[in-house]
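2 protein chains.
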Amino acid sequence: MDYVYASRISSLQPSAIREILKVTADPSVISFAAGNPSPEAFPSRELAELAAGLFASGAASALQYGVSEGYAPLREITAARLREKFGIGSPDDDLIIVSGGQQGVELTAKVLLNEGDTVVCEEPSFIGALNAFRSYGVKLAGVPCGERGMDMDALAQRLSAEPRPKLIYTIPTFQNPTGATMPAERRRLLVELAARFDVPLLEDDPYRELRYEGEDAPALKSLDTGGRVIYCGSFSKVIAPGIRLGYICAPKGLMQKLIVAKQVSDVHSNLFFQALVCEYIKRYDIDAHIGQIRSLYRRKRDLMASLLHKQFSFTLPQGGLFIWAELPQGLDGFEYCRRAAAKKVAAVPGASFLTDERAASRAIRLNFSLPSFGQIEQGCALLGEALCEYMG
Amino acid sequence: MDYVYASRISSLQPSAIREILKVTADPSVISFAAGNPSPEAFPSRELAELAAGLFASGAASALQYGVSEGYAPLREITAARLREKFGIGSPDDDLIIVSGGQQGVELTAKVLLNEGDTVVCEEPSFIGALNAFRSYGVKLAGVPCGERGMDMDALAQRLSAEPRPKLIYTIPTFQNPTGATMPAERRRLLVELAARFDVPLLEDDPYRELRYEGEDAPALKSLDTGGRVIYCGSFSKVIAPGIRLGYICAPKGLMQKLIVAKQVSDVHSNLFFQALVCEYIKRYDIDAHIGQIRSLYRRKRDLMASLLHKQFSFTLPQGGLFIWAELPQGLDGFEYCRRAAAKKVAAVPGASFLTDERAASRAIRLNFSLPSFGQIEQGCALLGEALCEYMG
């Protein structure tokens, strides 16, 4: 039969990025195109021990149905850690476990946004979140994002214009794709603007703990006194992404709706790994583990930056997983990535992260966490060759 | 701040059932209210061995990001098993792994249904699916479900009425909550009706393999020649529910949209357990394992039925997890369950499964898979006492 799709979904197409990512299935291709952590960064040995222990003590309750809110001890230990380390969460908030940071964004969209509503986001921004908003028939209004994050004047202008935006979506720390981090002063301004225009703020913060230099900037959530910030975090970058676990910290009233949405979405997240992550945090030193990840990624970032800096223009990110490089004026990121892929090195064209998918960009996004040091050396040489040839 | 919720979600309330289920948190309460498999039915020892093996061989790829479609070897082995055992799936279909049967229903709703659309379902039907439809602002049109499943005359009438339904949702085998199974002839009629009115059919089939007597009825999916049936299955009842794994088998064109919806929802399902389930099916005899579950649940069903039959009116289900009992005329299921809960035995009032949540019902749903044999004896005695007292 000819299916008639819901209007919310009919405009959602597999993106052009997929064509370029396809080449990464070829093992001879060096991929800077992913957003993956390094497998060296997974605490596999510890998880193996904990899994064996959980099975030995009778894993029945971890294999049984659980509650939609998530495994209570993991909720508690996560909430306590966020509160103590980052001042995130108040007595008016609640924290639930979700199936990765992506689900946090999707559930927030489902609960707050009607078709035709407008969401303000950084331009460029994380494609997974943009597609989650698109999948609810929502309009995206991009606000330019420089190396200090979202432009506050442009944001204020957009918030005063009609139609009034229903949500501000931001990745204030080590933004995907730009690597930009919003300074503390600008964060205060952002929270004030959200209050002045009475618009909720969705703070997507999966990279917070991957800082390689400089001082932590406060989470928007920690600056909020009006119950206006919905905070999404993830275990993907500090434990492992394949287990699909993240969390939302949000005001209790809103949380009731998010829990209902979570329940109809997948009942609850994988309970066995919720128990494992909880035990991991209890029994091991997760801060020391994250310290090791930071040290590894810092060296990878520095190597990639040192190899790229003669030919590409970019700001060194203080953390996260990506370098956002600009090609010389007149060149196109998409065409460049096509040429690079032919040389067996994959990068993502910047246009993939724009709210208008048809717009052009001379930027490219390069991931340094997944490739090995050798691959970074070899891949950067190939990127340089591709650039020379493209420039003629 | 005062959040303004999306219209699709604002009508979705935590249901009255929750109040009754709360009593089940008290360990002294015997619960017939769940839909859980028995922990004895989990292949814990085998999963422990496979997990140890996977960690020992380097679990990096099972802890890393995967593709939204799911772990390819699990997709293949699941598709092959469905095809060989039940004739489910054709070369025009594709199969993806999702986070439990619930997600299969939710993604289908997201991809096919606009707000205000009508979905036809059995009356009564599975509350999790009804709430998934409600969460997209969809209207529910219930068609009476007797012991032979959905009434075909009433369905034909509803399909010819305006507004034309966009989807038929059915649990044809060991229906939740009624336990009803649609005979083969009626299944053919249902597929014909769907073809005649050109409406897609969502076949929710988590209980198919839990048959305690009688002959298998063909899956609607196996009778469909028009690419009209979307088939959702689950590993929750044959492996374990806490791992949150299920699958959708559907025509390839539609599947492209379902994959995009899956991607924005949670990127992919827990990859470590996808690999474990795949290895379990490869290395162990899942059919023998299911045979043991069947034997266990058959004995539990028979015990519960033998204890209830003097006081309650019900049809013995040929499979599944539930007995659907009717109280004598004039009594109310909700009030009865409230009284039973006070006696420390929990059941679910039939009204919870109706499309109109304000309607009354003198039915109750009783689960026999989770309680022990001793709990079934004790709980049925308490149910009898509560009935006597209610009848005065």
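Heads up: the sequence lines are chains F and H, in that order. Its first residue numbered 1, the first sequence is counted upward by one per residue in the numbering used here. Its first residue numbered 1001, the second sequence is counted upward by one per residue in the numbering used here. Cβ coordinates follow ideal geometry from the N, Cα and C atoms, glycine included.
Identification of chain F residues near residue 1243 of chain H by a Cβ-Cβ cut-off of 8 Å yields 63, 270, 271, 272, ordered along the chain. Of all C-beta pairs linking the region 1023 to 1042 of chain H to the region 1253 to 1268 of chain H, fewer than three are shorter than 8 Å, placing the two stretches out of contact. The C-beta of residue 345 of chain F has 16 or more other C-beta atoms within 10 Å across all chains shown, which makes the residue buried.
Segment contact: the region 1254 to 1274 of chain H against the region 1088 to 1108 of chain H, three or more CB-CB distances shorter than 8 Å; contact assigned. Shortest Cα-Cα distance from residue 233 of chain F to any of F:295, F:337, F:78, F:10 involves F:78. Apart from sequence neighbours up to five positions away, the residues of its chain that approach residue 1179 of chain H with a beta-carbon distance below 6 Å are 1317, 1320, 1322, 1324, ordered along the chain. With respect to the 8 Å criterion, residue 1027 of chain H and residue 1236 of chain H are not classified as neighbours on the basis of their beta carbons. Assignment of beta-bridge partners to residue 1249 of chain H by DSSP yields H:1095, H:1231. Sequence-ordered contacts of the region 203 to 217 of chain F with chain H are nonexistent [C-beta pairs closer than 9 Å]. Look at the beta carbons and you see the region 1242 to 1250 of chain H not touching the region 1290 to 1306 of chain H: under three pairs across the two are nearer than 8 Å. Residue 1099 of chain H has a beta carbon lying within less than 8 Å of a beta carbon in chain F. Per DSSP, residue 140 of chain F is one residue of the beta strand (DSSP E) stretching across 139 to 146.
At a cut-off of 8 Å, the C-beta of residue 92 of chain F has no neighbouring C-beta in chain H. Counting C-beta pairs closer than 8 Å gives three or more between the region 1343 to 1357 of chain H and the region 1118 to 1126 of chain H, which meets the contact rule. Counting along the chain, residue 119 of chain F sits inside the beta strand (DSSP E) bounded by residues 118 to 123.
DSSP, read as helix, strand or coil, puts residue 24 of chain F in helix. As summarised for the region 1183 to 1232 of chain H, the continuous beta strand (DSSP E) elements at least 3 residues long and confined to that stretch are 1201 to 1204, given in chain order. At the C-beta level, residue 277 of chain F and residue 230 of chain F stay beyond 8 Å of one another. Counting the other CB atoms within 10 Å of its CB gives residue 1093 of chain H a total of 16 or more, which places it among the buried residues. The region 1375 to 1392 of chain H makes contact with the region 1325 to 1334 of chain H: 3 or more CB pairs, one atom from each, lie closer than 8 Å. Not a single C-beta of chain H is nearer than 8 Å to the C-beta of residue 46 of chain F.
Taking residue 1381 of chain H as the centre and dropping the five residues before and after it, the same chain places the C-beta of 1307 closer than 8 Å to its C-beta, in chain order. About 20 Å separates the beta carbon of residue 1088 of chain H from that of residue 1282 of chain H, a gap too long to meet the 8 Å contact definition. Cβ-Cβ distances below 7 Å link residue 1224 of chain H to 1191 in the same chain, with the five nearest sequence neighbours on each side left out; the list follows chain order.
Taking 8 Å as the CB threshold, residue 163 of chain F stays off the interface with chain H.
Taking a C-beta distance under 8 Å as the contact criterion, residue 138 of chain F and residue 158 of chain F do not qualify as a contact pair. Around the beta carbon of residue 1072 of chain H, fewer than 16 other beta carbons sit within 10 angstroms, so the residue counts as exposed. Annotation for residue 212 of chain F: 294, 297, 298, 301, 318, 319 place their beta carbon closer than 7 Å to its own, counting only its chain and skipping 5 residues before and after. Close partners of residue 1039 of chain H in chain F (Cβ separation under 8 Å): 60, 61, 63, 64.
With a threshold of 16 other beta carbon atoms within 10 Å, residue 1374 of chain H falls short and is exposed. Residue contact check for residue 176 of chain F against chain H: no CB pair falls below 8 Å. Here residue 75 of chain F has 69, 95, 96, 97 as same chain residues with Cβ atoms under 7 Å from its own Cβ, once five neighbours each way along the sequence are excluded. A straight-line Cα-Cα distance of about 18 Å links residue 1279 of chain H and residue 270 of chain F. By the Cβ neighbour-count rule, residue 1206 of chain H is buried, with 16 or more other Cβ atoms within 10 Å of its own.
Within the region 49 to 117 of chain F, the runs of beta strand (DSSP E) that reach at least 3 residues and sit entirely inside it are, in chain order, 93 to 98.
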